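A.B. asks: First the structure, then my questions, so here it is.
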Amino acid sequence: MATGLSTRNGNIGMTLPTAAASKLNNPLLSKECSNCSGHSPFFIHQVRHLGILRRLCTACVLRLHPSSFCPACFTFYGGSPPHPSKRVNCSNCCSLTHSHCAGDTVLTSYLCPPCKDSSFSFFPLKDNRIDKKLAHALLCAAKIASFSMGKAVTVAWAEADRKVREAALARKRARESLEHLLVVARKEKARKENEAKVEDLGIKLNPKRDIHLSSEKPLPTIKQREF
-7 MATGLSTRNG NIGMTLPTAA ASKLNNPLLS KECSNCSGHS PFFIHQVRHL
43 GILRRLCTAC VLRLHPSSFC PACFTFYGGS PPHPSKRVNC SNCCSLTHSH
93 CAGDTVLTSY LCPPCKDSSF SFFPLKDNRI DKKLAHALLC AAKIASFSMG
143 KAVTVAWAEA DRKVREAALA RKRARESLEH LLVVARKEKA RKENEAKVED
193 LGIKLNPKRD IHLSSEKPLP TIKQREF
C-alpha cells in the first residue's frame, strides 16, 4: 500500500490508496464510525465524548465538538476559545468562529456551515485525495481526539486513585471490625471463666449445703398421708 504526493494549482495534495487495496493488505483497516455508521478505512479517531469512549470518523469528530475549533480555518482552541470580542457564536449551536473568518455575516444572524447546510461535511474525501483544507480538518480532528483522550486519562487516573483510597478504607474498617470482634470474644470468655470460678468458690465455701439438701427426706404426698 503506497501513497502519492501531487501538486495541483500550486497546492500539494496526497493520494491515499484505494479502500479495496487497503482491505487486501490489512482487513482490519476498514472501520466503522460509531456515530454515522460510515466506513472510514484510513482515519478513525478514538474520542471520549460525553464520558463515553467512541470511534469516530474525522467529519463526526468535528461535528460533535463545535465549540472546540473554528469551522472556517480549523484552528483548535484547546480549551481556550477566543475572547468574545474576537469570535462569533452560531445562532443555532455552540460553534465558535473567528470574527475575521466569519466576514460580513457578523452583522446578521450567523450560522456555522453544518447548521447552514444539513448535508455539509467537514471531511468530504473524494477520489482518496487530501488537499490542504482537508489536511487542516484532519489535523484539527486529531488534536480534538488527542485532547479528549488526555482528559480521559486524567479521569481514569482520578477514578483509579479514588478506588485505591476506597479499598484502603475498606481494609482498615474490616481490620478494625475484626479487632473489635476479638476484643468482645476475649471479654466474653473472661466473663464466663470468672462466673465459673465464682461458682466453684461458692461450692468450696459451703460444702455441707449440698450434703444437707441431699439428706433431707421428701415430703409425703397426699396419698401417703391417707394411709
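Reminder that position 18 of the sequence shown reads as 10 in the numbering used here, one-by-one numbering, no gaps. In this text, a Cβ means the ideal position worked out from N, Cα and C, and glycines have one as well. Keep in mind that this is a model prediction, so the values were computed, not measured.
Pull up the CB-CB distance for Leu126 and Phe115, whole angstroms please, since I reckon it's below 8 Å.
C.D. replies: Translated into the one-based positions of the sequence shown, residue 126 becomes position 134. Translated into the one-based positions of the sequence shown, residue 115 becomes position 123. Indeed, because the Cβ distance is near 6 Å, the residues count as touching under 8 Å.
A.B. asks: Just to check my reading of the structure: Thr50 and His37 have Cβ atoms closer than 8 Å, yes? What is that Cβ distance to the nearest angstrom?
C.D. replies: Here residue 50 corresponds to residue number 58 of the sequence shown, with the count starting at 1. Here residue 37 corresponds to residue number 45 of the sequence shown, with the count starting at 1. At roughly 7 Å, the Cβ-Cβ gap stays under 8 Å, so Thr50 and His37 are in contact.
A.B. asks: Using 10 angstroms around the beta-carbon of Phe35, count the other beta-carbons present and answer buried if the total reaches 16, otherwise exposed.
C.D. replies: Start at 1 with the first residue of the sequence shown, and residue 35 comes out as number 43. Under this definition Phe35 is a buried residue.
A.B. asks: Residue range of the alpha helix (DSSP H) that Leu54 falls in?
C.D. replies: Along the sequence shown, one-based indexing puts residue 54 at 62. Element bounds for Leu54: Thr50 to Arg55.
A.B. asks: Our contact map puts Ile136 next to Phe68 with C-beta atoms below 8 Å; I'd like the distance itself, whole angstroms only.
C.D. replies: Here residue 136 corresponds to residue number 144 of the sequence shown, with the count starting at 1. Here residue 68 corresponds to residue number 76 of the sequence shown, with the count starting at 1. Confirmed, about 6 Å.
A.B. asks: Use the C-beta contact count for Thr146: other C-beta atoms within 10 angstroms, 16 or more gives buried, fewer gives exposed.
C.D. replies: Residue 146 sits at position 154 when you count from the first residue of the sequence shown. So Thr146 ends up on the exposed side.
A.B. asks: Can you list, in chain order, the stretches of the alpha helix (DSSP H) that have 4 or more residues and sit fully within the region 102 to 184?
C.D. replies: Counting whole runs of 4 or more residues, the region 102 to 184 contains the alpha helix (DSSP H) stretches 105 to 108.
A.B. asks: Please confirm whether any heavy atom of the ligand MG lies closer than 7 Å to the CB of His92.
C.D. replies: Absence of the ligand MG is noted for the structure shown, with no ligands found whatsoever.
A.B. asks: Using 8 Å as the cut-off, can you tell me whether the region 70 to 80 makes contact with the region 174 to 181, which would need three or more C-beta pairs spanning the two stretches below that distance?
C.D. replies: No: the two stretches stay apart, fewer than three of their Cβ pairs being nearer than 8 Å.
A.B. asks: So which of Leu170, Ala144, Ala133 and Arg183 has the shortest CA-CA distance to Pro63?
C.D. replies: Taking the first residue of the sequence shown as 1, we reach residue 63 at position 71. Residue Ala133 is the option with its Cα nearest to Pro63.
A.B. asks: My output table needs one value for Asn81: the three-state DSSP class, helix, strand or coil.
C.D. replies: Looking up residue 81 in the sequence shown gives position 89. If DSSP states are grouped into helix, strand and coil, Asn81 belongs with the strands.
A.B. asks: From Cys82, Leu103, Ile44 and Leu88, pick the residue whose C-alpha is nearest to that of Ala148; which is it?
C.D. replies: Start at 1 with the first residue of the sequence shown, and residue 148 comes out as number 156. Measuring from the Cα of Ala148, the nearest candidate turns out to be Ile44.
A.B. asks: Have a look at Cys107 and Leu48 and give me their C-alpha separation to the nearest angstrom.
C.D. replies: Counted from its first residue, the sequence shown places residue 107 at position 115. Counted from its first residue, the sequence shown places residue 48 at position 56. The alpha-carbon atoms of Cys107 and Leu48 are separated by roughly 20 Å.
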